[in-house]
Every structure is written in C-alpha cells, then in structure tokens.
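Just so we're aligned, residue 244 is where the sequence shown starts under this note's numbering, counting upward by one.
Ideal Cβ positions, reconstructed from N, Cα and C, are used throughout, including at glycine.
All of these numbers come straight from a predicted model, not from anything done at the bench.
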Amino acid sequence: MRKESKVKINVKGKIFGGEKLLICLPLVSKSKKELLEQAEDLIKLDPDVLEWRVDFFDDLNYEEESELIKAMKELSKMTKDIPVIFTCRHHDEGGNKEILQNDRVGIISKALETGLADIIDVEMFNEENFLEEVKKIVKKHDKYLILSHHNFKETPSEDFILNKIIEGEKLGADITKLAVMANSYGDVLKLFNATYKARLSKVEIPIVTMSMGEYGKITRVFGSYFGIDMSFAVGKGVSAPGQMPVENVRKMIDLMNN
244 MRKESKVKIN
254 VKGKIFGGEK
264 LLICLPLVSK
274 SKKELLEQAE
284 DLIKLDPDVL
294 EWRVDFFDDL
304 NYEEESELIK
314 AMKELSKMTK
324 DIPVIFTCRH
334 HDEGGNKEIL
344 QNDRVGIISK
354 ALETGLADII
364 DVEMFNEENF
374 LEEVKKIVKK
384 HDKYLILSHH
394 NFKETPSEDF
404 ILNKIIEGEK
414 LGADITKLAV
424 MANSYGDVLK
434 LFNATYKARL
444 SKVEIPIVTM
454 SMGEYGKITR
464 VFGSYFGIDM
474 SFAVGKGVSA
484 PGQMPVENVR
494 KMIDLMNN
C-alpha cells in the first residue's frame, strides 16, 4: 500500500499525491502538425497526464498568430479532460535548445493565457527573479507549479537528493520533482531511500522522482511504493532516458496491485 502525500492536488479529476500512481506521456514534436497528430495518438492511450516539451518545437515565436500560439489553442481543445504539464526546459538541464529567460516567461505566459497549461514545470536552479515571475503568473491563472532538478550524468548522494526534494517545496512548488541518472542499482536505492524519507517525514506536497537510464527503469514502475506520485512512460516520443512503453508500465503496475 502506497503512502499518499499530505497535500493532494486535483487537476481535472486526477489526484496528484493520492492513492493511484499517475502516468504521464510526453509530447515531443517539432511542428504543429506533428504535435497534434502525436497528441491524437497519445489521447487514445488514455494517459492520466500529458506533458508538452515545448523546447523541442521548431518555431518558438509567441506572437498572437504564430504557429506556437495556434498549436497551444488547438491542443487545449483536444486535452480539455486531461491535465497538461507545460515544460519549456532550460538548456542546462536537458532542454533541446537555448532559450532566453525572458522568452521562456513569455512562452509560459501564453500557455496559461490560452488555457492549455494546467501545470508549469521549471527548474529550481533558476535565478530568484525568474522563479518569482513564473510563480506570479501561475498564481494569477490559478494553476500549479512543478519545481524540478535534473542530473543526466550521475546520482548524487542520498542527502543531496533528499535536500533537493525538500528545496522544491521550500521554493514554493505545488509538486517537487527530481530526475537523476542511475549508473548502478545502488544509485536506484539512493533515490528510493531519499524519496521515502521525504514522503514519511519531510515533504507534504506531491513528489515526482525518477532514476533515468537502464538501471532506473525499475523506478518507473515500483516508485509508487516509495512515495513517487507520477511516472513518465512512452507513447510516441521519448523525453528522457529509461522511459518505458506505457502498456508495459500499466501491466506491471496491475500485477503488483493484484
């Protein structure tokens, strides 16, 4: 039986931090046409959550009649019953391209204004004025904020992981997230232990952690028992190493629950 978070978030009927591990599928597309085709395919897979990694989009011009804004509006209509995480990832933490901070704020603002984004994901390491601006516009639209940390090279110490999970909550996140590269099963244990400690005694908000890479695949399925509230799986495009096909993740979760 999984340990639920003290503070739960209800987004379009999906409960983050509740009794069920949520499954999120990423949208990773270069054009509006590709995005909408991919979204149509993923919606058929009945995901709990979708994440649009907009940093993969070729044209990030966010003027009113741009392809990006048109894509936001059309995707919003398609996902009216599905929570959408909107992520314009910083290049230093795995983003597909370098984007000026002012432009990131502008793109995030448009995602909220069009009604597309239910949850915004930005990195903890951003400068204070950037984080405050993002928090302000998220609050203005009555939406939710993920603060995240990524390490694509290694798994740091258990204490570091625990402190980062805690830091997300302290910085004002509604959901705190951490992804690190596992180079051994020992690395996976560090992530599980830190997440479990955070859930039991330190952190009240929903937690999303994962070990990336081949060793980390186990966290995508069994993380729920250690306090992980959402897992990323593959529908069409992969947004991080170690993501598994959604049908495989569901089968293994069902086996464990039965």
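S391 - containing beta strand (DSSP E), residue span | Its beta strand (DSSP E) spans residues Y387 to N394.
Mind pulling the alpha helix (DSSP H) runs of 4 or more residues that sit fully within the stretch 281-356?
-> List check, alpha helix (DSSP H) in window: 310-321 and 344-356.
Residues near M473 by beta carbon distance below 6 angstroms, same chain, minus five either side = Result list for M473: L265, C267 and V451, in chain order.
If you drop the 5 nearest sequence neighbours on each side, which residues of the same chain put their C-beta closer than 7 angstroms to that of S427?
-> The beta carbon of S427 is closer than 7 angstroms to those of Y458 in its chain, skipping five residues each way along the sequence.
Report, in whole angstroms, the separation of the C-beta atoms of I404 and V423, which I expect to be a contact under 8 angstroms.
-> The Cβ separation is near 7 angstroms, so the contact holds.
F403 - DSSP class collapsed to helix/strand/coil = Under the three-state reduction of DSSP, F403 is assigned to helix.
Would the beta-carbon of K433 fall within 8 angstroms of that of T398?
-> T398 is positioned such that its CB atom lies closer than 8 angstroms to that of K433.
Neighbourhood of K420 by C-beta distance below 8 angstroms, restricted to the same chain and skipping five residues each side | The residues are D364, I389, L390, S391, H392, G411, I450, V451 and T452.
Among F395, S400, V381 and K494, which one has its Cα closest to the Cα of V464?
-> Closest by C-alpha distance to V464, out of F395, S400, V381 and K494, is K494.
I325 beta carbon less than 8 angstroms from that of L293 | Yes.
Near F475, what residues of its chain come up, given a Cβ to Cβ distance below 6 angstroms and the 5 sequence neighbours on each side ignored?
-> Taking F475 as the centre and dropping the five residues before and after it, the same chain places the C-beta of C267 and Q486 closer than 6 angstroms to its C-beta, in chain order.
Tell me the DSSP bridge mates of S427?
-> DSSP lists no beta-bridge partner residue for S427.
Name the DSSP beta bridge partners of D472, please?
-> DSSP output for D472 lists no bridge partner at all.
Give the C-beta separation of H446 and I418 to the nearest angstrom, bearing in mind that I take them to be a contact with Cβ-Cβ under 8 angstroms.
-> For clarity, residue 446 is Val in the given sequence; the question names His instead. Actually they do not touch by this definition, with Cβ atoms about 10 angstroms apart.
If we count the other Cβ atoms within 10 Å of its Cβ and call it buried at 16 or more, is D361 buried or exposed?
-> Classification of D361: buried, given that the 10 Å Cβ count is 16 or more.
Taking F259 as part of the beta strand (DSSP E), name the residues at either end of that continuous run.
-> Judged by DSSP secondary structure, F259 falls within the beta strand (DSSP E) whose first and last residues are K257 to F259.
Put E366 into one of helix, strand or coil per three-state DSSP.
-> Of the three classes helix, strand and coil, the one that applies to E366 here is strand, per DSSP.
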